[in-house]
Each structure stands twice: as structure tokens, then as C-alpha cells.
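Okay, so here's the structure we're looking at.
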Amino acid sequence: MKMNTLLIAAPLALLTACNSQPSTPEVLDSNPDPMANQIANAAPVELPPAIRADKTFRCADGSVIGIAFFQGDTQVNVRIPATGKPTRLTAPAKGDPYTADGGWKLTGDDSAVTLTEPGKKALSCHT
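Counting in the numbering used here, the sequence shown runs from 1 upward without gaps.
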């Protein structure tokens, strides 16, 4: 009987020593962050707008373009061809035409647009 009690008590004694961590974590960082004050006093960061719609359009000349419309309706990315490098066009206010340097202009919405590329005539495009 004594042997059975000893066989049960020995593993229990070992298990009680397993969780011997302090209740609060020990902080070992003795080197403070040199930019902590700058980060704490920095102005809030404004995130870029989220994509509202990303559409592929077929134009009157048979070409295919891609346009990503962003929330707020003041920015689009135009890709010519549809898989090409995007060109960002912006509008000063919602409802105004989107423009970019060089003569880019886009009017319309996410179902039909009129696009003018630099040095080319206006193209009518639809989804």
C-alpha cells in the first residue's frame, strides 16, 4: 500500500514543478527604442483608398483595357492593354473627369467610359 502511494505521489510532485513561470513576464530589454518619442508624436498615416471595382472594358476600336476604380471616386488606374502597367488618373472631386499629366482623360463609370490617351482620339469603351 505504501508503494502504491509512493508511485502516485512521485509523478504528481514532478508535475507541480512544471509551471514555475512568474505571473508577469520578465522584461529583458535594457536598450530603449531611440525613435519611440518620434513614433509616438508622429502624425496619423492616411491609408490609400481601397479598390471599389476592377473592370475589363472592350473599346470601339477592338482594344481591351483594364480600369481599377477606387473608393471615393477620385482615383482610377488605367491599364492598356488590360494586363499592362497601370497609369494613375485623379479627379479633384467626385463626378469630375479623371486626368493625368500628358493629356490623359477619362469620363464615365464602371460600366461605360470614354478614354482619351495622350496624342490619340477619344475612345468609347464598355464592359
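Idealized CB from N, CA, C, for every residue including glycine. Quick caveat: nothing in here was measured; it's all calculated off a predicted structure.
Validate contact between the stretch 34-47 and the stretch 89-100 using beta carbons, cut 8 Å, 3 pairs: no
Local conformation of Leu47 per DSSP, three classes: coil
Close beta carbons around Gly108, own chain, < 7 Å, minus the five adjacent residues each side: Thr114
Three-state secondary structure (DSSP) of Pro118: coil
Start-end ranges of the alpha helix (DSSP H) lying completely within the stretch 50-116, minimum 4 residues: none
Other residues of its chain near Pro97: CB distance less than 6 Å, five sequence neighbours each side excluded: Lys105, Thr107
Leu123 in three-state terms, based on DSSP: strand
Of the residues Ala112, Val76, Gly103, the one placed nearest Gly119, counting alpha carbons only: Gly103
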